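2 protein chains.
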Amino acid sequence: MLLAALMSFIYKDGVTTNILLSGILVIIAGGILMATTKNHKKELNKREGYLVVSFGWIVMALTGTLPYVLTDSIPSFTNAFFETMSGYTTTGASILNDIEVIPKGVLFWRSLTHWIGGMGIIVLAIAILPLLGIGGMQLFAAEAPGPNADKLHPRITDTAKRLWLIYFGYTAAETILLQVAGMSFFDAINHSLCTLSTGGFSTKNASVAYWNGQPVIQYIIIVFMFLAGTNFVLSYFAFKGKVQKAIRDEEFKLYFKFIALFTIIAALIIYFRADFSISSIDHPMIYGKAEASIRHGLFQVIAIITTTGFVTADYTLWTPFLVVFFFGLMFLGGSAGSTSGGVKVVRHMIMIKNGFLEFKRALHPNAVLPVRYNQKSVSGNIVFNILGFFILYMISFIVGALVFSMFQIDFESSIGLSASSLGNVGPALGNFGPVNNYAALPVLGKWWSAFLMLIGRLELFTVLILLTPFFWRNR
Amino acid sequence: MLLAALMSFIYKDGVTTNILLSGILVIIAGGILMATTKNHKKELNKREGYLVVSFGWIVMALTGTLPYVLTDSIPSFTNAFFETMSGYTTTGASILNDIEVIPKGVLFWRSLTHWIGGMGIIVLAIAILPLLGIGGMQLFAAEAPGPNADKLHPRITDTAKRLWLIYFGYTAAETILLQVAGMSFFDAINHSLCTLSTGGFSTKNASVAYWNGQPVIQYIIIVFMFLAGTNFVLSYFAFKGKVQKAIRDEEFKLYFKFIALFTIIAALIIYFRADFSISSIDHPMIYGKAEASIRHGLFQVIAIITTTGFVTADYTLWTPFLVVFFFGLMFLGGSAGSTSGGVKVVRHMIMIKNGFLEFKRALHPNAVLPVRYNQKSVSGNIVFNILGFFILYMISFIVGALVFSMFQIDFESSIGLSASSLGNVGPALGNFGPVNNYAALPVLGKWWSAFLMLIGRLELFTVLILLTPFFWRNR
Numbered sequence: 029m030l031l032a033a034l035m036s037f038i039y040k041d042g043v044t045t046n047i048l049l050s051g052i053l054v055i056i057a058g059g060i061l062m063a064t065t066k067n068h069k070k071e072l073n074k075r076e077g078y079l080v081v082s083f084g085w086i087v088m089a090l091t092g093t094l095p096y097v098l099t100d101s102i103p104s105f106t107n108a109f110f111e112t113m114s115g116y117t118t119t120g121a122s123i124l125n126d127i128e129v130i131p132k133g134v135l136f137w138r139s140l141t142h143w144i145g146g147m148g149i150i151v152l153a154i155a156i157l158p159l160l161g162i163g164g165m166q167l168f169a170a171e172a173p174g175p176n177a178d179k180l181h182p183r184i185t186d187t188a189k190r191l192w193l194i195y196f197g198y199t200a201a202e203t204i205l206l207q208v209a210g211m212s213f214f215d216a217i218n219h220s221l222c223t224l225s226t227g228g229f230s231t232k233n234a235s236v237a238y239w240n241g242q243p244v245i246q247y248i249i250i251v252f253m254f255l256a257g258t259n260f261v262l263s264y265f266a267f268k269g270k271v272q273k274a275i276r277d278e279e280f281k282l283y284f285k286f287i288a289l290f291t292i293i294a295a296l297i298i299y300f301r302a303d304f305s306i307s308s309i310d311h312p313m314i315y316g317k318a319e320a321s322i323r324h325g326l327f328q329v330i331a332i333i334t335t336t337g338f339v340t341a342d343y344t345l346w347t348p349f350l351v352v353f354f355f356g357l358m359f360l361g362g363s364a365g366s367t368s369g370g371v372k373v374v375r376h377m378i379m380i381k382n383g384f385l386e387f388k389r390a391l392h393p394n395a396v397l398p399v400r401y402n403q404k405s406v407s408g409n410i411v412f413n414i415l416g417f418f419i420l421y422m423i424s425f426i427v428g429a430l431v432f433s434m435f436q437i438d439f440e441s442s443i444g445l446s447a448s449s450l451g452n453v454g455p456a457l458g459n460f461g462p463v464n465n466y467a468a469l470p471v472l473g474k475w476w477s478a479f480l481m482l483i484g485r486l487e488l489f490t491v492l493i494l495l496t497p498f499f500w501r502n503r
Numbered sequence: 029m030l031l032a033a034l035m036s037f038i039y040k041d042g043v044t045t046n047i048l049l050s051g052i053l054v055i056i057a058g059g060i061l062m063a064t065t066k067n068h069k070k071e072l073n074k075r076e077g078y079l080v081v082s083f084g085w086i087v088m089a090l091t092g093t094l095p096y097v098l099t100d101s102i103p104s105f106t107n108a109f110f111e112t113m114s115g116y117t118t119t120g121a122s123i124l125n126d127i128e129v130i131p132k133g134v135l136f137w138r139s140l141t142h143w144i145g146g147m148g149i150i151v152l153a154i155a156i157l158p159l160l161g162i163g164g165m166q167l168f169a170a171e172a173p174g175p176n177a178d179k180l181h182p183r184i185t186d187t188a189k190r191l192w193l194i195y196f197g198y199t200a201a202e203t204i205l206l207q208v209a210g211m212s213f214f215d216a217i218n219h220s221l222c223t224l225s226t227g228g229f230s231t232k233n234a235s236v237a238y239w240n241g242q243p244v245i246q247y248i249i250i251v252f253m254f255l256a257g258t259n260f261v262l263s264y265f266a267f268k269g270k271v272q273k274a275i276r277d278e279e280f281k282l283y284f285k286f287i288a289l290f291t292i293i294a295a296l297i298i299y300f301r302a303d304f305s306i307s308s309i310d311h312p313m314i315y316g317k318a319e320a321s322i323r324h325g326l327f328q329v330i331a332i333i334t335t336t337g338f339v340t341a342d343y344t345l346w347t348p349f350l351v352v353f354f355f356g357l358m359f360l361g362g363s364a365g366s367t368s369g370g371v372k373v374v375r376h377m378i379m380i381k382n383g384f385l386e387f388k389r390a391l392h393p394n395a396v397l398p399v400r401y402n403q404k405s406v407s408g409n410i411v412f413n414i415l416g417f418f419i420l421y422m423i424s425f426i427v428g429a430l431v432f433s434m435f436q437i438d439f440e441s442s443i444g445l446s447a448s449s450l451g452n453v454g455p456a457l458g459n460f461g462p463v464n465n466y467a468a469l470p471v472l473g474k475w476w477s478a479f480l481m482l483i484g485r486l487e488l489f490t491v492l493i494l495l496t497p498f499f500w501r502n503r
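Respectively, the protein sequence lines represent chains R and E.
All the letters of the first sequence, read from the start, carry residue numbers 29 to 503 under our numbering.
All the letters of the second sequence, read from the start, carry residue numbers 29 to 503 under our numbering.
Next up, the structure:
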């Protein structure tokens, strides 16, 4: 918040003291908590791990509302909480009808919530969740750099330092490139913060479609969305010179293949079927229709798979196929250990491999056929974790849609809102599609959406386990 | 077909010879096949089992078109194939715009395809699929009556005789009761054939809504839909006097609880939110609004859960909630070992239990916590089977919807068509909802729908394994 106050001061947007006050209030609140509690150096056990992660996120979202509320940018607490939760969970769904009138300092804070949330999730996914044994995340625990202890503390600090350096470096690189390509510094830094976190907040009402006349800007964002959706541990390997090791990673290969395959499909459909004129978005064909089709196809496929949710085109208007297509992609997600949400590529890979083996097992019931990942056989427990995660994900999705439909929201919109909130994507379908926002949701719908974002972001088990009776029993 | 010809003769509908000719043609075709092949008494191996089941079903659907085509009731071969496949798979989706003008003999044949398909599926589910090791069906293999051999032949004949007797008995009982309640004999026998098979074809354009003025008829159908969605082995136990054993079955208990819970929800929503006047269906309130709400709620919940697909009300018009609600129910399915389609209650139960254990495993990673079903612990392999089945089901569903959307069918309709075809339900959503039919589907869409019906009916693996390269390798 102090950084946002600084930005506010530089751009003289007139709300510097309000943002500064937010920061000071949070410092005071934190100071009181620190002073009135003790044992800060105690090792956490598993149960405390779940509590700290879940409630930490909620406390962050509560305090993060201050800059919105105190500057009157978002006077309603519900809206401010929604925007903050959408920020920290790197969802990118917004209730702002006019983004461009919001003071620059507040917009910068909004982008920062993405970036901070993304930072948190990298460490969570690579260092903490594997130790908590959640949804197969143990799978690449051994791959993470740093000492392989089973206590939380040493691992976090060590891993965090290395990965945050990469995260920070990518963000700086994208900012510079975007500025070189013609963006203002303010737009460049904000979009970089929101790209690396696979968030999707934009400083423009039209999102990245604002730069439809400058394809280079969109290609730069494509590259960094791709990197943000890649396991950051692989970037670490690549920077250490082990490029081969990074490229040979099975999840990375499948992530790349998914993007290639789905881009080809989307680009072909856009080229042959889409009518660029019926969208409310301006689509100047700078380099012709073929380039525009490939660019929009690539951009939207990566934006949805990495759950960034930036928008260059309203694909929902073009053909019914693209609606179902992008709806399906919302369940894909980027790589584990990245800032993306959704089910994640590694889980899909294990599920596909296991499904294929299931066919073989049907023919040869006595053969022992373990799932293999990166040349190692995966333990049955981890496969169970992953299958269990997917089923819980689908149950959460259908319950999510049911609750939205209670607010008289139509089928397509309810289904889309649930998939998008849970997968931390951002744009949904129907009335909450790529060119709309979430402002029209009723108050309870906003809270429900924020809840889905939270459980989706924390890999379901982390939050939902707090709702089981046995978590609170026999402590 | 000879039975249908007899019915045609009795009702003098003028197409008796055409239906008779169909029957004779099939007998001749079968005779030629019998005469030109040999080794009819050979034991089948697993691989041959898959082939016989899949191709057997396709051959049935091909020959079953004859009565439609030769009587000119459905001149188009695509439409006739669709109607036959929808019949044998007990889906109940129809391409007939006016059912009531079709000759009675042909309508009877149409209902018979349901009944024959239902017969086939009982034996398939209880005796054959468990031996093929498909999707956890081994789970209740031991529960089935008859000798527990691992060769297919003796088991089938033995089990089949007992279960078909019950199936036949239920059908006869429903026919008598429906007639007593005021249906004509023809309507009674047709609706009974279509109830016990959880099919859903009706002799009336309005489906069972035709009898909205005679609630007793609808209650009788409710009871028999419930029985048809129950494992027929449990009915066998009950008739042998072991009622306790039947009632204590865990799947039965959950099936009952699901129906109770969802009926309460549906009835409350209908009572407080539904506007009976906006439906195109006539809803006379014979015993008041409360009774009508409970009846329509109960009827539609059971019709969708058991995948029968009879319609008494157009729930898609009443509230958005009910659309998402019934969409979700399409994935539920009745009990395994019944004639219903969908995922089946027993699989949901294992998935829920395993999901719950997954939470416990996260807290106690070293504890051995097996899933238990009917007081026995379920082997990890079977749980794997079931989780794998569900994931394959969801993949088939989303691919199914994608293909429908390629024909310019909107999101809601595509999603609904896929879920309904795959689950053998019948009514879908949007343009293919409860008061519509499938006539408006393009030709390729009808073939795709028929394919989804087939793979859904045969528990996915049976058909899809034929598409894997290793099935054809190393024979």
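By construction, the Cβ of each residue, glycine as well, lies at the ideal position given by its N, Cα and C atoms.
Computed from a predicted model, the values in this text were never measured in an experiment.
Checklist entry - Taking DSSP as the reference, what is the three-state secondary structure of residue 401 of chain E? => result Judged by DSSP in its simplified three-state form, residue 401 of chain E adopts strand.
Checklist entry - Whose Cβ in chain R lies nearer than 7 Å to the Cβ of residue 485 of chain E? => result In chain order: nothing, as chain R lies at least about 17 Å away.
Checklist entry - Mind checking whether residue 253 of chain R and residue 332 of chain R have CB atoms under 8 Å apart? => result No; because the gap between Cβ atoms is not below 8 Å, this pair is not in contact.
Checklist entry - Who are the near neighbours of residue 147 of chain R in its chain, counting only those whose CB is closer than 7 Å to its CB and skipping five residues on each side? => result So the list reads 192, 195, once near-sequence residues are dropped.
Next on the checklist: Taking CB distances under 8 Å as the criterion, tell me whether residue 29 of chain R reaches chain E.
Outcome noted: Chain E contact via Cβ: absent.
Checklist entry - Can you tell which of E:362, E:446, E:348 has its C-alpha closest to the C-alpha of residue 281 of chain E? => result By alpha-carbon distance to residue 281 of chain E, the top candidate from E:362, E:446, E:348 is E:362.
Item to check | C-alpha gap between residue 392 of chain E and residue 78 of chain R, whole angstroms | outcome: Those two C-alpha atoms are separated by around 13 Å.
Checklist entry - Comparing the C-beta of residue 382 of chain E with each C-beta of chain R, is any distance below 8 Å? => result For residue 382 of chain E, at least one C-beta of chain R is nearer than 8 Å to its own C-beta.
Next on the checklist: Which residue wins for smallest C-alpha separation from residue 43 of chain R, given the options R:152, R:98, R:67, R:82?
Outcome noted: Nearest option by C-alpha distance: R:98.
Item to check | Span separating the alpha-carbon of residue 93 of chain E from that of residue 109 of chain E | outcome: If you take the alpha carbons of residue 93 of chain E and residue 109 of chain E, they lie about 6 Å apart.
Item to check | Beta-carbon proximity check, residue 213 of chain R vs residue 231 of chain R, cutoff 8 Å | outcome: Against a cut-off of 8 Å, the Cβ pair of residue 231 of chain R and residue 213 of chain R comes out as no contact.
Item to check | Proximal residues to residue 30 of chain E (C-beta, below 6 Å), its chain only, five neighbours per side dropped | outcome: Hits under 6 Å: 51.
Checklist entry - Does any CB atom of chain R fall closer than 8 Å to the CB of residue 390 of chain E? => result With its beta carbon less than 8 Å from one in chain R, residue 390 of chain E belongs to the interface.
Checklist entry - When you compare only the Cα positions, how much space is there between residue 71 of chain E and residue 382 of chain E? => result Their backbone Cα atoms lie some 37 Å apart in a straight line.
Checklist entry - So which residues of chain R does residue 372 of chain E contact, with C-beta pairs closer than 8 Å? => result By Cβ distance, chain R contributes nothing, its closest Cβ being about 14 Å from residue 372 of chain E, past 8 Å.
Checklist entry - Hey, quick one: how far does the alpha helix (DSSP H) through residue 487 of chain R stretch, first residue to last? => result That residue, residue 487 of chain R, is in no alpha helix (DSSP H); it is neither H nor E in DSSP.
Item to check | Contacting positions in the segment 338-349 of chain E - beta carbon closer than 8 Å to chain R | outcome: So the list reads 347, 348, 349, given in the order they occur along the chain.
Checklist entry - Using CA coordinates, which residue listed in R:432, R:416, R:88, R:55 is at the minimum distance from residue 390 of chain E? => result Distance from the Cα of residue 390 of chain E is smallest, within the candidate group R:432, R:416, R:88, R:55, for R:416.
Next on the checklist: Is it buried or exposed, residue 465 of chain R, if we count other Cβ atoms within 10 angstroms and call 16 or more buried?
Outcome noted: The Cβ neighbour count for residue 465 of chain R, taken over all protein chains shown within 10 Å, is at least 16; the residue is labelled buried.
Item to check | alpha helix (DSSP H) segments (min. 4 residues) lying fully within the segment 352-395 of chain R | outcome: Complete alpha helix (DSSP H) runs here, min 4: 373-391.
Next on the checklist: For residue 372 of chain R and residue 247 of chain E, what's the separation of their Cα atoms in angstroms?
Outcome noted: Each residue's alpha carbon lies about 47 Å from the other.
Next on the checklist: So that I know if they touch, is there some Cβ in chain R lying closer than 8 Å to that of residue 438 of chain E?
Outcome noted: Output row for residue 438 of chain E: interface = yes.
Checklist entry - Can you list, in chain order, the residues of its chain whose CB lies under 6 Å from that of residue 456 of chain E, leaving out five sequence neighbours each side? => result Cβ neighbours of residue 456 of chain E within its own chain (closer than 6 Å, five residues either side excluded): 444, 445, 448.
Next on the checklist: Please classify residue 462 of chain E as buried or exposed, where buried requires at least 16 neighbouring CB atoms within 10 angstroms.
Outcome noted: With 16 or more other Cβ atoms within 10 Å, it is buried.
Item to check | Simplified DSSP assignment, three categories, for residue 242 of chain R | outcome: Coil.
Item to check | Separation of residue 320 of chain E from residue 340 of chain E, as counted between CA atoms | outcome: Roughly 10 Å between the two C-alpha positions.
Next on the checklist: Just to confirm before moving on: does the CB-CB distance between residue 286 of chain R and residue 122 of chain R stay below 8 Å?
Outcome noted: No; because the gap between Cβ atoms is not below 8 Å, this pair is not in contact.
Checklist entry - Got a sec: is the Cβ-Cβ distance from residue 279 of chain R to anything in chain E below 8 Å? => result Taking a beta-carbon distance threshold of 8 Å, residue 279 of chain R does not count as an interface residue toward chain E.
Item to check | Distance, residue 74 of chain R Cα to residue 53 of chain R Cα | outcome: Their backbone Cα atoms lie some 31 Å apart in a straight line.
Next on the checklist: I want to verify the contact list: residues of chain R whose CB lies under 7 Å from the CB of residue 287 of chain E, in sequence order.
Outcome noted: Within 7 Å Cβ-Cβ: nothing; residue 287 of chain E doesn't reach chain R, min ~17 Å.
Checklist entry - Under 8 Å between the Cβ atoms of residue 41 of chain E and residue 131 of chain E? => result Closer than 8 Å, so yes.
Checklist entry - Does the beta carbon of residue 413 of chain R sit closer than 8 Å to a beta carbon anywhere in chain E? => result Yes - at least one Cβ of chain E is within 8 Å of the one on residue 413 of chain R.
Checklist entry - Which stretch, first to last residue, makes up the alpha helix (DSSP H) that contains residue 438 of chain R? => result Segment: none, residue 438 of chain R is in no alpha helix (DSSP H) and carries neither H nor E.
Checklist entry - When you check each C-beta in the segment 63-80 of chain R against every C-beta of chain E, which residues fall closer than 9 Å? => result Along the segment 63-80 of chain R, the positions whose C-beta sits under 9 Å from a C-beta of chain E are 74, 75, 78, read in chain order.
Checklist entry - Would you say residue 82 of chain R and residue 490 of chain R are within 8 Å of each other, going by their C-beta atoms? => result In this structure, residue 490 of chain R lies closer than 8 Å to residue 82 of chain R by Cβ.
Item to check | chain R within 8 Å of residue 408 of chain E, Cβ atoms only | outcome: At least one chain R Cβ lies under 8 Å of residue 408 of chain E.
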